[in-house]
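Note that the UniProt record's numbering has the sequence shown beginning at 1, numbered continuously upward. Shown next, in structure tokens, is the structure this report addresses.
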Amino acid sequence: MSHRLGLFTRHLSSLSLSTTAKSNVSLRAMSTVRALQIEQQGGPEVVQVVPVPAPTLSGSGKVVVRNEYAGVNMIDTYHFGGLYKLQMPIVIGQEAAGVVEAVDPDVTSLRVGDRVVQYGGGSYIEKQLLDAERVIKLPDSIDTRAAAACYLQGLTALTLLTESAPVKKGDWILVTAAAGGVGLLLCQMGKAFGANVIAVTSTEAKCQLAKAHGADHALLYNKENPEAYISAIRDITSGHGVDAILDGVGADTWEANFEIAARKGTIATFGNASGPVPAFAPLKLSPKNLKVCRPTLFNYVATREERERYSAQLFELVQSGKVKINIHDEYAFTTEGLRQAFADIKSRKTTGKLVVKI
Numbered sequence: 001m002s003h004r005l006g007l008f009t010r011h012l013s014s015l016s017l018s019t020t021a022k023s024n025v026s027l028r029a030m031s032t033v034r035a036l037q038i039e040q041q042g043g044p045e046v047v048q049v050v051p052v053p054a055p056t057l058s059g060s061g062k063v064v065v066r067n068e069y070a071g072v073n074m075i076d077t078y079h080f081g082g083l084y085k086l087q088m089p090i091v092i093g094q095e096a097a098g099v100v101e102a103v104d105p106d107v108t109s110l111r112v113g114d115r116v117v118q119y120g121g122g123s124y125i126e127k128q129l130l131d132a133e134r135v136i137k138l139p140d141s142i143d144t145r146a147a148a149a150c151y152l153q154g155l156t157a158l159t160l161l162t163e164s165a166p167v168k169k170g171d172w173i174l175v176t177a178a179a180g181g182v183g184l185l186l187c188q189m190g191k192a193f194g195a196n197v198i199a200v201t202s203t204e205a206k207c208q209l210a211k212a213h214g215a216d217h218a219l220l221y222n223k224e225n226p227e228a229y230i231s232a233i234r235d236i237t238s239g240h241g242v243d244a245i246l247d248g249v250g251a252d253t254w255e256a257n258f259e260i261a262a263r264k265g266t267i268a269t270f271g272n273a274s275g276p277v278p279a280f281a282p283l284k285l286s287p288k289n290l291k292v293c294r295p296t297l298f299n300y301v302a303t304r305e306e307r308e309r310y311s312a313q314l315f316e317l318v319q320s321g322k323v324k325i326n327i328h329d330e331y332a333f334t335t336e337g338l339r340q341a342f343a344d345i346k347s348r349k350t351t352g353k354l355v356v357k358i
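Rendered as structure tokens:
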């Protein structure tokens with residue numbers, strides 16, 4: 001009996017190896033590209049750069065883009081980590097810039113060789129099949145590295161200041177995580193729009209960086225002593241408070257936001273760097289007639305017209321020099337490189353933008 005069981009086990013093992021070998025041969029035989037495809041959500045171990053079938057045109061409304069750079073965003077860690085539930089397997093990544101390599105016959109807005117930028121999912125891949133209407137052509141003065149570094153976060157900052165909490169000249173605005181990618185852009189854009197900008201960071205070095213990018217004032221936040229932080233903001237604003245709070249930190253700064261907000265002010269919470277904000281009763285807004293919003297960029301740029309309009313505004317700010325692109329580091333498009341990029345962005349020790357060279 002044990003002899004027959006041993007033969008059966010060896011047969012299954014041989015069959016498994018044979019199937020795996022055939023699968024590997026089949027994958028090598030077809031055209032493939034490298035991609036960050038996750039099979040399940042979890043810790044850093046699920047981050048793997050693997051071969052996947054190369055994209056091909058479908059015949060209508062599509063382009064294939066050879067990605068040169070991808071931008072690293074905190075939302076990537078939510079996607080592989082499980083904060084947002086996704087169907088598996090999936091190629092993650094939210095933005096990339098590159099060169100158009102193939103175009104469907106009915107696409108007239110783009111040509112092979114155009115340098116482009118795009119967002120919307122699946123960007124950690126060497127070649128990407130995209131809806132042509134989601135792809136934006138780059139001006140000559142902005143290269144693909146700079147585009148990947150500023151696009152998603154630039155659109156986020158721009159829509160926060162124009163839609164979530166419309167900022168007027170003379171308004172007081174407060175930016176948390178002000179030395180991060182979105183934070184530095186918010187400081188610069190807020191200044192360009194004529195606002196008084198208060199930056200909140202975790203170190204003195206980050207305070208100086210925020211000031212170099214347009215902040216009028218920079219403060220350290222200590223969650224163990226929020227009273228000192230609240231008092232400092234009241235002093236800076238001469239008791240007025242903050243008209244627009246742009247908060248990418250989340251849980252740690254949440255309660256203090258209600259203390260520092262001005263009457264009829266707006267709290268725009270757009271990130272969870274320290275964890276999601278808690279549920280709260282609407283009556284919490286009544287003492288100052290406050291507004292709270294939790295926006296997502298994609299609902300502000302859902303149409304082609306919106307994407308083109310906001311992209312043009314962003315490119316103009318960059319070309320005019322009103323917005324400088326700060327790239328913290330560049331990573332290799334490997335399993336190890338991406339794991340390091342995600343570890344770095346989660347550490348909250350980075351400044352500016354992280355990019356991956358594809």
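Backbone N, C-alpha and C fix where the C-beta goes; we use that ideal spot for every residue, glycine too. None of the values given here were measured: they were computed from a predicted structure.
Bounds of the beta strand (DSSP E) holding N196 are 196–201. Under a 10 Å Cβ-count criterion, K223 is classified as exposed, with fewer than 16 other Cβ atoms of the shown protein chains found around its own Cβ. By the Cβ criterion, the region 67–75 is not in contact with the region 38–56, since fewer than three pairs of Cβ atoms, one from each stretch, lie closer than 8 Å. Ranked by how close their Cα comes to the Cα of P287, the residues E306, K264, T269 have K264 in first place. CA-to-CA, the gap between R294 and M30 works out to about 44 Å.
If you draw a straight line from the Cα of P55 to the Cα of R309, it is about 29 Å long. Two segments are said to touch when three or more pairs of C-beta atoms, one from each, lie closer than 8 Å; by this definition the region 140–156 does not touch the region 220–237. Rounded to whole angstroms, I327 and L110 show a C-alpha spacing of 28 Å. Only residues of its own chain outside the window of five on either side were considered, and among them none has a CB closer than 7 Å to the CB of G43. For A35, the enclosing beta strand (DSSP E) starts and ends at 32–38.
When Cβ pairs closer than 8 Å are counted between the two stretches, the region 186–193 is seen to touch the region 207–223, the count reaching three or more. Membership of D344 in the alpha helix (DSSP H) is indicated by the continuous run 335–347.
Counting along the chain, the unbroken alpha helix (DSSP H) around V318 starts and ends at 304–319. V200 sits away from C187, with the two beta carbons spaced by 8 Å or more.
Contact between the region 341–355 and the region 164–181 is present: 3 or more CB-CB pairs across the two stretches fall below 8 Å. Note on geometry: alpha-carbon atoms of P53 and M88 lie some 16 Å from one another. In the DSSP assignment, V50 falls within the unbroken beta strand (DSSP E) covering 49–53. Residues of the same chain with a CB within less than 7 Å of the CB of A149, apart from the 5 flanking positions on each side, are G71, I325, I327, K353, V355 in chain order. For D235, the enclosing alpha helix (DSSP H) starts and ends at 226–236.
In this structure, A261 sits near V242, with a CB-CB distance shorter than 8 Å. Residue range 135–137 is occupied by the beta strand (DSSP E) that includes I136, with no alpha helix (DSSP H) assigned at that position. Bounds of any beta strand (DSSP E) do not take in L185; it lies within the alpha helix (DSSP H) bounded by 181–192.
Counting only runs of 4+ residues, the alpha helix (DSSP H) found wholly inside the region 221–295 occupies 226–236, 251–260, in chain order.
Residue T156 holds the alpha-carbon nearest to the alpha-carbon of G271 among A146, T156, Y300, S202. When DSSP reads this structure, I90 sits in a beta bridge with I38. Closest option to E133, judged by alpha-carbon separation, among I125, S123, A146, Y119: Y119.
Assignment of I75 by DSSP, reduced to helix, strand and coil, places it in the helix class. Beta-bridge partners assigned by DSSP to E68: none are found. Per DSSP, the unbroken beta strand (DSSP E) holding E101 starts and ends at 95–103.
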